[in-house]
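Participant: The structure's right below; bear with me while I get my questions together.
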Amino acid sequence: MGIDSKSAVLIADDQADVREALRLLLKAEGIASVGVADPAAAVEAVRKREFACALIDCNYSRDTTSGEEGLDLLERLRQLAPELPVVVMTAWGNVPLTVEAMRRGAADFVEKPWDNARLVSVLRAQVALAEGARRQRRLEAENALLRGEAGEDFIAESPAMRRVLALVERVAASDANVLVLGENGTGKGVVAQLLHQRSPRAAHSLVKVNMGGIAESVFESEMFGHVRGAYTDAKSERIGRFELADGGTLFLDEVGNVPAAQQPKLLRVLEDGEFERLGSSRTQKTDVRLVSATNADLAAEVAAGRFRKDLLYRLNTLEVRLPPLRDRVEDILPLARSFLARNAHRYGRDGLRLAPSAERALTAWRWPGNVRELQHLMERAALLAEHDEVGAAALAFGEAAAQPATALDGMTLEQAEAHLVQRALERFDGNLQRAADALGITRQSLYRRLDKHDLRDAAVDAD
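So for the sequence shown, numbering that gives the first Met the number 0 puts the first residue at 0; every next one is plus one.
As structure tokens, this is what we get:
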């Protein structure tokens with residue numbers, strides 16, 4: 000089994016015949032290598048590219064046998080690329096030098112003259128260990144990201160959304176960058192997920208980044224990662240979003256919010272596929288398919304000088320424009336039923352259904368908050384419906400649009416109900432009738448909930 004050609008083995012030895020012998024040995028084993036003659040060249044090589052492993056001699060100057068040159072190179076490589084396993088070559092029987100090299104961070108050692116089988120075995124083992132550690136770091140970083148819910152339904156009954164779906168199907172198989180445009184709440188993230196799922200990259204990561212939520216001061220660290228010691232609080236290395244998405248898809252939501260000072264750095268990665276972690280001079284390559292989304296008018300932002308024209312050209316190789324929910328009336332009821340069923344199951348209310356009066360009200364509403372507003376409205380209905388059939392009276396239009404997207408996350412059913420009742424009382428200064436009307440329940444039902452959640456003191460008994 001050969002070592003991944005993306006990262007070859009670096010060989011550092013001052014003797015050309017030794018380098019050539021090692022190159023031929025590794026080539027026969029399917030392992031690529033790069034040879035250098037001195038420590039300075041080894042350091043420069045590691046600055047410029049990634050290696051799977053480094054195999055270094057301990058002496059480079061004529062008549063020098065102390066091994067100090069090799070130990071110094073070992074320390075420099077460890078500082079420059081802490082994740083790079085370094086195997087040292089020592090003279091046969093030089094136990095003190097071997098012990099000192101291991102103490103300073105060598106991954107393993109090989110004695111000269113080497114045994115071919117042992118040398119290849121050592122290199123393979125170190126490469127496998129390093130790759131396993133890289134995968135673990137990447138997995139931990141992926142798990143630390145809030146990447147949204149997977150597997151959302153893509154409902155396209157309306158002609159407008161059927162056209163969108165047809166376009167997505169045509170462009171998904173390419174690697175072209177896609178810019179998804181539309182009002183807030185129209186489902187741009189769902190389209191990004193669909194593009195990824197239908198692409199050849201579907202087996203790799205879809206990494207989502209809310210560009211509006213990244214402060215300019217940490218932009219480089221978030222997007223490109225950092226090395227330990229890059230700044231005061233950098234106690235350990237961090238894998239950036241471009242590195243996490245390598246081989247997969249990177250979704251930049253609210254891309255219009257990228258600070259002007261950071262736009263050239265983003266442009267460089269899109270043009271060259273290269274970046275450096277913050278605090279490192281070593282260039283890394285990444286292979287990502289970029290999907291971006293915004294509700295901003297980027298052409299106007301370019302005209303105003305707030306967004307780079309060349310960056311916009313890189314982002315919008317293809318454009319997908321999502322219609323607002325008011326322009327896709329045929330999708331409203333299928334979406335509502337899907338959201339109601341999902342939330343009913345989530346809150347243990349299986350069997351909920353929409354009454355004809357609720358369906359008429361849903362299709363008549365203008366949906367200023369689009370699909371997100373409908374989703375929140377159905378969640379509230381699943382929480383507060385008194386019967387299995389959800390009528391129009393249980394639909395508090397306008398309230399759903401104002402409800403924060405994450406306000407109910409993490410709550411139990413009881414906590415969510417208490418939260419919604421309390422908010423209604425606060426909005427109407429404790430007026431029971433108005434609070435009950437807003438919640439879509441009767442005054443008597445509200446009384447029961449006040450007693451249940453010990454909220455009587457927040458109410459005013461206004462007849």
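Where is the CB? At the ideal position from N, CA and C, for every residue including glycine.
Would you check if the distance between the CB atom of S204 and the CB atom of V254 is smaller than 8 Å?
Facilitator: In this structure, V254 does not lie closer than 8 Å to S204 by Cβ.
Participant: With T97 as the anchor, note down where its alpha helix (DSSP H) starts and where it stops.
Facilitator: Its alpha helix (DSSP H) spans residues V94 to R102.
Participant: Is it the case that the segment 312-322 contacts the segment 153-171, given that we only count it when at least three CB pairs across the two stretches are under 8 Å?
Facilitator: Yes: the two stretches touch, three or more of their Cβ pairs being nearer than 8 Å.
Participant: For a test of the three-state rule: what should DSSP assign to V226, helix, strand or coil?
Facilitator: In this structure, V226 counts as coil in the three-state DSSP scheme.
Participant: What residues in its chain sit with their C-beta under 6 Å from that of V226, if we drop five residues either side in the sequence?
Facilitator: These residues qualify, in order along the chain: E236, R276, G278 and S279.
Participant: Whole angstroms is fine: what's the gap from G69's alpha carbon to G211's?
Facilitator: Roughly 48 Å separates the two Cα atoms.
Participant: Could you pull the DSSP bridge partners for S32 from this structure?
Facilitator: Answer by DSSP bridge pairing, in chain order: V8.
Participant: What does the alpha-carbon distance come out to for the pair R464 and A423?
Facilitator: Given that the chain is displayed from residue 0 to residue 462, the structure contains no residue 464 and the question cannot be resolved.
Participant: If you drop the 5 nearest sequence neighbours on each side, which residues of the same chain put their C-beta closer than 7 Å to that of R288?
Facilitator: So the qualifying residues of the chain are D174, S198, R200 and T248.
Participant: Could you say if the segment 96-112 and the segment 67-86 meet the contact criterion of at least three C-beta pairs nearer than 8 Å?
Facilitator: A contact exists between the segment 96-112 and the segment 67-86.
Participant: Can you tell me which of the three DSSP states E388 falls into?
Facilitator: E388: strand per DSSP, three-state reduction.
Participant: Return helix, strand or coil for Q283, following the three-state DSSP convention.
Facilitator: Of the three classes helix, strand and coil, the one that applies to Q283 here is strand, per DSSP.
Participant: What does the Cβ neighbour count give for T185, buried or exposed, with the cut at 16 atoms within 10 Å?
Facilitator: When all chains shown are included, T185 counts as buried.
Participant: Which residues in the same chain as E329 place their Cβ atom closer than 7 Å to its Cβ, once the five residues preceding and following it in sequence are excluded?
Facilitator: Only E156 and S157 meet the Cβ criterion.
Participant: Going by the DSSP bridge assignment, what does A292 pair with across the sheet?
Facilitator: Note: A292 sits in a beta bridge opposite V179.
Participant: On the CB-based measure, 16 or more other CB atoms within 10 Å of its CB, does S216 come out buried or exposed?
Facilitator: Looking at its Cβ environment, which holds fewer than 16 other Cβ atoms inside 10 Å, S216 is exposed.
Participant: When you compare only the Cα positions, how much space is there between T441 and A435?
Facilitator: Going by the C-alpha atoms only, they are around 6 Å apart.
Participant: Assuming L419 is part of the alpha helix (DSSP H), what are its boundary residues?
Facilitator: Segment L412 to R426, the alpha helix (DSSP H) holding L419.
Participant: Using a Cβ-Cβ cut-off of 7 Å (strictly less than) and excluding sequence neighbours within five positions of L310, which residues of its own chain qualify?
Facilitator: Result list for L310: Q262, L265 and L266, in chain order.
Participant: Can you give the Cα-Cα distance for V42 and D71, rounded to whole angstroms?
Facilitator: Those two C-alpha atoms are separated by around 11 Å.
Participant: Beta carbon of D56, beta carbon of A11: below 8 Å?
Facilitator: Yes, the pair counts as a contact, with Cβ atoms nearer than the cut-off.
Participant: According to DSSP, is T362 part of a helix, a strand, or is it coil?
Facilitator: DSSP places T362 in helix when its eight states are reduced to three.
Participant: Contact check, G390 vs S356 under 8 Å by CB: the rounded distance?
Facilitator: Right, the Cβ-Cβ distance comes to about 5 Å (below 8 Å), so this counts as a contact.
Participant: Residues in its own chain within less than 8 Å of A260 by CB, not counting five upstream and five downstream?
Facilitator: Once the five neighbours on either side are set aside, the close Cβ partners of A260 are E215.
Participant: Give the C-beta separation of M222 and F241 to the nearest angstrom, bearing in mind that I take them to be a contact with Cβ-Cβ under 8 Å.
Facilitator: Contact flag correct, Cβ pair sits at about 6 Å.
Participant: Quick one: grab the DSSP three-state call for L54.
Facilitator: Of the three classes helix, strand and coil, the one that applies to L54 here is strand, per DSSP.
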